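Going left to right, the sequence shown walks through residues 326 to 608 as the working numbering numbers them.
Where a beta carbon is used, it is the ideal one built from N, C-alpha and C, also for glycine.
If you're wondering where the values come from, they're calculated on a predicted model, not measured in any experiment.
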Amino acid sequence: MTKPPGSKTKKVSPKSSSPKASAKGSTKKKSNNGSAGSEASNGSASPKGSAANLRLLERRRHPRFLLSREQFRETRTGRIFPVYDLSMSGLSIKIDEKYWTPGTIIQGILNLHPDSIEITPRLIGYYGDRAALKVEAVSTYSRSVLLRALSPRRLGSSLQLVRERLPLADYWYHGVCNTDLLLRLNDRGDVGKVEVFFSNYYWSWTEHSDKFSTGVCQSCGKERREDMLLAEEPVKLEQIDLSLDAKIDAEKTQWAKGILEAAPLEPRLKDLLLKKFENPAGK
326 MTKPPGSKTK KVSPKSSSPK ASAKGSTKKK SNNGSAGSEA SNGSASPKGS
376 AANLRLLERR RHPRFLLSRE QFRETRTGRI FPVYDLSMSG LSIKIDEKYW
426 TPGTIIQGIL NLHPDSIEIT PRLIGYYGDR AALKVEAVST YSRSVLLRAL
476 SPRRLGSSLQ LVRERLPLAD YWYHGVCNTD LLLRLNDRGD VGKVEVFFSN
526 YYWSWTEHSD KFSTGVCQSC GKERREDMLL AEEPVKLEQI DLSLDAKIDA
576 EKTQWAKGIL EAAPLEPRLK DLLLKKFENP AGK
């Protein structure tokens with residue numbers, strides 16, 4: 326495999342399949358499950374998702390770490406749950422059984438490392454081994470901590486290259502709050518596709534269309550997915566539902582740009598990525 330454009334780091338192992346092969350793993354399928362992060366509009370400082378603006382796209386595979394950095398600890402029982410799909414309006418947690426009935430208010434501590442805040446989310450429902458929680462009210466302090474934790478600067482600066490072979494990307498950068506940057510290179514060694522996953526949002530650019538795409542993604546849940554082990558724990562591929570916005574979301578686009586600006590990438594690679602935002606055709 327060729328190195329990332331402008332990269333001087335050690336060469337990464339070859340990819341395990343071609344772009345055509347990975348494309349077959351994505352099938353169009355209707356999703357009836359909403360996540361906590363997409364059910365309600367997010368806070369003013371984060372991208373907003375509108376169900377009316379979304380159109381169905383696909384179910385696809387996405388690399389996940391089995392143990393998330395962020396955790397939720399229930400105050401009453403002390404149980405600790407890995408956190409996924411965190412946004413200003415909600416989150417999902419991984420569970421091994423259905424502990425609460427939908428509508429239950431759950432008091433607990435959200436550990437964001439290094440900060441921890443008290444939240445009292447409401448259980449929206451279950452999907453597979455995930456519970457979707459909606460954050461309806463937080464203190465001014467807790468909101469400021471969430472805003473800081475989900476800021477583009479923090480998400481971008483936390484990205485680090487993961488040296489794992491992926492069938493769907495040549496390079497994978499992973500950061501806090503399950504932020505992911507996936508890069509696919511073309512035959513010339515330039516960027517052919519770039520995808521950014523942050524909170525439960527999505528942004529991408531491909532050379533084929535020379536346009537941006539934005540949307541919302543969520544984990545499918547154990548009952549609706551077929552897990553495929555990528556390597557030894559803690560990394561695996563997991564199925565997610567990805568719905569694109571019918572109209573490109575300017576806020577998600579600016580959020581993705583901020584993440585890329587803060588990412589610790591090689592200068593030439595970063596320049597190549599940021600130049601995509603100068604192209605009127607992609608907006």
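Check                                                                                                                                                               : Outcome
Rounded to the nearest angstrom, what separates Arg389 and Cys502 at their Cα positions?                                                                            : 11 Å
Could you tell me which whole alpha helix (DSSP H) segments of length 4 or greater appear in the stretch 407–484?                                                   : 465–474, 477–482
Output the boundary residues of the beta strand (DSSP E) element that contains Thr531.                                                                              : 526–531
Which residue's Cα is closest to the Cα of Thr402: Gln432, His387, Arg384?                                                                                          : Gln432
Three-state secondary structure (DSSP) at Glu489?                                                                                                                   : coil
Using a threshold of 8 Å, state whether the C-beta atoms of Cys542 and Ile565 are closer than that.                                                                 : yes
With Ala657 and Arg478 assumed to form a contact (beta carbons below 8 Å), what rounded beta-carbon distance in angstroms separates them?                           : Residue 657 is absent from the model: the chain starts at 326 and stops at 608.
Give the DSSP-derived three-state secondary structure of Arg394 in the structure shown.                                                                             : coil
Using the Cα positions of Gly583 and Gly540, report the straight-line distance between them to the nearest angstrom.                                                : 17 Å
Quick check: Val519 and Leu598, are their CB atoms within less than 8 Å of each other?                                                                              : yes
Since Gly517 and Thr531 should fall inside the 8 Å C-beta cutoff, what is the C-beta to C-beta distance between them, to a whole number of angstroms?               : 7 Å
Tell me which residues share the same chain as Arg509 and place their Cβ nearer than 6 Å to its Cβ, disregarding the 5 neighbours each side in the sequence.        : Ala494, Asp495, Gly517, Lys518
For Ile573, which three-state DSSP category applies?                                                                                                                : coil
Taking the beta carbon of Leu554 as the centre, do at least 16 other beta carbons fall within 10 Å, making it buried, or is it exposed?                             : In this prediction, Leu554 scores a pLDDT of 41, lower than 50, which makes its location untrustworthy; the coordinate-derived value is nonetheless stated afterwards. Exposed, since its Cβ has fewer than 16 Cβ neighbours within 10 Å.
Per DSSP, Glu520 forms a beta bridge with which residues?                                                                                                           : Leu507, Ser529
First and last residue of the beta strand (DSSP E) that includes Lys536?                                                                                            : 536–544
Tell me, which residues are paired with Asp495 by DSSP?                                                                                                             : According to DSSP, Asp495 bridges with nothing at all.
In three-state DSSP terms, what is Glu383?                                                                                                                          : strand
For Gln485, I'd like the list of residues in its chain whose CB is within less than 6 Å of its CB, leaving aside the five on either flank, ordered along the chain. : none
Which residue marks the beginning of the alpha helix (DSSP H) containing Arg404, and which one marks its end?                                                       : No alpha helix (DSSP H) holds Arg404; DSSP gives it neither H nor E.
Sorted by chain position, which residues of the same chain lie with C-beta nearer than 8 Å to Tyr466's C-beta, five sequence neighbours on each side aside?         : Ile442
DSSP on Gly500, reduced to helix/strand/coil?                                                                                                                       : strand
How should Glu395 be labelled, buried or exposed, when 16 other C-beta atoms within 10 angstroms of its C-beta is the threshold for buried?                         : buried
Can you tell me where the alpha helix (DSSP H) holding Lys595 begins and where it ends?                                                                             : 592–599
Taking Cβ to Cβ, would you say Gly428 is nearer than 8 Å to Arg398?                                                                                                 : no
If we ignore side chains and look at the alpha-carbon of each, how far apart do Lys600 and Ser544 end up?                                                           : 31 Å
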